[in-house]
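> Numbering (mature numbering (1 follows the signal peptide of the UniProt record, and there is no 0)), first residue to last: -15 to -1, 1 to 134. Heads up, the beta-carbon is just placed ideally off N, CA and C, and yes, glycines get one too. One structure is given below, represented as C-alpha cells, and several questions about it will come after.
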Amino acid sequence: MLVHCLLASVALCKAGSYHNTKKRQCEDCPRGQFQPRSGRSFCGRCPDGFTTLAEGSTNSSSCVVECAPGEYLSLKTLKCRKCGPSAYQPKAGQTECIRCPNGSVTVANNSTSLNDCIGLLIFQLLVGKMPKKNMVINTVYMGIMSRPL
C-alpha cells in the first residue's frame, strides 16, 4: 500500500517538476534542467554551456546559452552581450547586468565585479580623460533594452 501511495504522489507532479523522494514532495526543476512529462522523479539537464531562464522548465527548447560572468543574455536576440560601461555581472547565466553605484564607471566592458566600478576622477587618472558624453553612466543593461535608472 505504501508503494501505491508513493506512485500516486509521483503521478501528481506536473511537467516542469519532479518528485523529490527524500522530501516526498513535488519540486520545480531547477534552472538548467527541464521535465516534459508529469509523474517523473528526475529532470533532464541542458547541455553543457546552456541553462534555462527559470525554474520549472518543461522542455529542452527552454535551454538557452549560458552567458559568462561579465555578460548577460539578451532576451530579444537570445545571444550573449557584454555588460556595458557602468555595469558588471559576477555570475554566469544572467539576463541583466548590475549597475555601478552613483558616480562610478567601469574602465572596460564585460566587468565582473563591483570592484571594477571606479569614481570619475580615478577613471580620468587611469584613462587620461573623462568619459565621453555619450557614455551612459549608471545604466542597467537588460536583455530587451538599455535604460538609465
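Let me check one thing: in DSSP terms, what residues is GLY104 bridge-paired to?
As a position in the sequence shown, residue 104 is number 119, starting the count at 1. Looking at the DSSP assignment, GLY104 forms a beta bridge with SER89.
> Between the C-alpha atoms of ARG9 and CYS48, what's the straight-line distance to the nearest angstrom?
What you label residue 9 is simply residue 24 of the sequence shown in a count that begins at 1. What you label residue 48 is simply residue 63 of the sequence shown in a count that begins at 1. When rounded, the distance between both Cα atoms is 27 Å.
> Does the distance from the C-beta atom of ALA53 to that of ALA77 stay below 8 Å?
On the sequence shown, residue 53 is found 68 positions in, with the first residue counted as 1. On the sequence shown, residue 77 is found 92 positions in, with the first residue counted as 1. Result yes, Cβ atoms of ALA53 and ALA77 sit closer than 8 Å.
> Under 6 Å Cβ to Cβ from ASN119, same chain only, skipping five residues before and after it: list those, please.
Within the sequence shown, residue 119 is the residue found at index 134, counting from 1. Residue placement at ASN119 is poorly supported in this model, since its pLDDT is 43, which falls under 50; the coordinates still yield a value, given next. No residues qualify anywhere along the chain.
> Measuring straight from C-alpha to C-alpha, what distance separates residue 150 and CYS14?
Residue 150 is absent from the structure shown; the chain starts at -15 and stops at 134.
> Per DSSP, LYS67 is paired with what?
Residue numbering aside, residue 67 sits at position 82 when the sequence shown is read from its first letter. LYS67 pairs with GLU56.
> Suppose contacts are defined by Cβ-Cβ distances below 8 Å. Is GLY104 in contact with SER89 by that definition?
The residue given as residue 104 occupies position 119 in the sequence shown. The residue given as residue 89 occupies position 104 in the sequence shown. In this structure, SER89 lies closer than 8 Å to GLY104 by Cβ.
> Cβ atoms of LEU60 and THR80: under 8 Å apart, would you say?
Along the sequence shown, one-based indexing puts residue 80 at 95. Along the sequence shown, one-based indexing puts residue 60 at 75. Yes, Cβ-Cβ distance for THR80 and LEU60 is below 8 Å.
> State the Cα-Cα distance for the pair PRO86 and GLU51, rounded to the nearest angstrom.
The sequence position of residue 86 within the sequence shown is 101, counting from 1. The sequence position of residue 51 within the sequence shown is 66, counting from 1. If you draw a straight line from the Cα of PRO86 to the Cα of GLU51, it is about 26 Å long.
> Find out if the Cβ-Cβ distance for the pair GLN18, GLY34 is shorter than 8 Å.
For the purposes of this step, residue 18 is taken as the residue at position 33 of the sequence shown. For the purposes of this step, residue 34 is taken as the residue at position 49 of the sequence shown. Not closer than 8 Å, so no.
> Taking only three categories from DSSP, how would you classify SER98?
The sequence position of residue 98 within the sequence shown is 113, counting from 1. Coil.
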